[in-house]
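For the sequence shown, the residue numbers in mature numbering (1 follows the signal peptide of the UniProt record, and there is no 0) are -21 to -1, 1 to 198.
Ideal Cβ positions, reconstructed from N, Cα and C, are used throughout, including at glycine.
Working notes, beginning with the structure itself.
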Amino acid sequence: MSRVLKYCIMLLLGFCPLGDQLGTTPNIKDIVVGRCYNYMTLINPGTRYECEDIWTHFEDAVFRQPSCNVTVEDYRQMFHSMTQNQPCHRSLFWSKTRPLMHSYAAVMKHLWTLEDTLAGYMFNDLIWCRQQEDADFDFSACPEWSACPNHPVYSLWRQASQNFAEMACGNVTVLLNGSISNAFNRRSMFGTVELDSLDPQRVDYVNIQVVASLGGPQM
């Protein structure tokens, strides 16, 4: 029985433990390595990375610790192998505005988001965790972010977000959601990581855009 079919049966029968979410994305290696080559070829031509080495460092980070104890430090070697320069006056940060961010970035083509970086492009919308007993991916169920002090997915995005903010320079833009009661959430990734990682010696101006949906505020 395939892992995907087994998981679907578990989901239908209600066997997933409380606090668990979908397991590791199927074919994750093919997706991650394929995205790496696609990034070099089509997204950001001229860049050169060792995609297989990046994957090896990623696996090492995920398998080194139990799933709830993978820290940003575990990903250091991986990020060291995928450093890249970031253009000035183009950084776009967002919080609770992801769909609008994509539309805004599509119109303002000069803007540069976390998903435009190699790390953001490679791991976007993926899930991963290791098995409890074996050093292999768990395709059945992964813990939710809220259930882990150092979730393997959260830790990677925390480091990626910190790197993205530290490299921002010149004028930067922030999109906040004006349709919710707490447009700026200090506990969000932007509030806890990116904002504090902006370098005042590199950033000249912060353009804050507070946007609201046509449906009105969501209180």
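task: Please state whether DSSP places residue 98 in a helix, a strand or coil.
output: helix
query: residue 95 and residue 145: beta carbons closer than 8 Å?
result: no
field: Per-residue DSSP class, three states only, for residue -9
entry: In this prediction, residue -9 scores a pLDDT of 36, lower than 50, which makes its location untrustworthy; the coordinate-derived value is nonetheless stated afterwards. Three-state DSSP puts residue -9 in a helix.
query: Where does residue 181 sit, in a helix, a strand or coil, going by DSSP?
result: coil
- prompt: Can you name, in chain order, every residue of its own chain whose Cβ lies under 7 Å from the Cβ of residue -20, other than the five neighbours on each side?
  reply: Confidence in residue -20 is poor, its pLDDT being 45 and thus under 50, which makes the residue's placement unreliable; the coordinate value appears in the next sentence. So no residue of the chain qualifies.
task: Return the CA-CA distance between residue 107 and residue 115, expressed in angstroms with no decimal places.
output: 10 Å
Residue 118 in three-state terms, based on DSSP: Three-state result, residue 118: coil.
task: Locate the beta strand (DSSP E) running through residue 72, then write down its first and last residues.
output: 71 to 74
task: Starting from the Cα of residue 137, find the closest Cα among 111, 122, 102 and give me that residue.
output: 102 is the residue among 111, 122, 102 whose C-alpha sits nearest the C-alpha of residue 137.
query: Opposite residue 188 in the DSSP bridges: which residues?
result: 154
task: Give the secondary structure of residue -1 by DSSP, where H, G and I count as helix, E and B as strand, and everything else as coil.
output: strand
Rounded Cβ spacing between residue 93 and residue 139 (contact assumed at less than 8 Å): 6 Å
query: By the 10 Å Cβ neighbour count, where 16 or more other Cβ atoms means buried, how is residue 20 classified, buried or exposed?
result: exposed
task: Mind checking which residues open and close the alpha helix (DSSP H) that includes residue 17?
output: According to the DSSP assignment, residue 17 belongs to the alpha helix (DSSP H) that extends over 7 to 17.
- prompt: Grouping DSSP H, G and I as helix and E and B as strand, with all else coil, what is residue 22?
  reply: helix
Nearest neighbour of residue 61, chosen from 191, 158, 89, 142 [CA to CA]: The shortest CA-to-CA distance from residue 61 to any of 191, 158, 89, 142 is the one to 142.
- request: Classify residue 57 as buried or exposed, calling it buried when 16 or more other Cβ atoms lie within 10 Å of its own Cβ.
  value: buried
- request: Can you tell me the Cβ-Cβ gap for residue 50 and residue 134, rounded? I've got them flagged as a contact below 8 Å.
  value: 6 Å
query: Taking the C-alpha atoms as reference points, what is the distance between residue 53 and residue 43?
result: If I take the Cα positions, the gap works out to 8 Å.
query: When the Cα atoms are used, what is the spatial distance from residue 31 to residue 59?
result: Cα to Cα, the separation comes out at about 14 Å.
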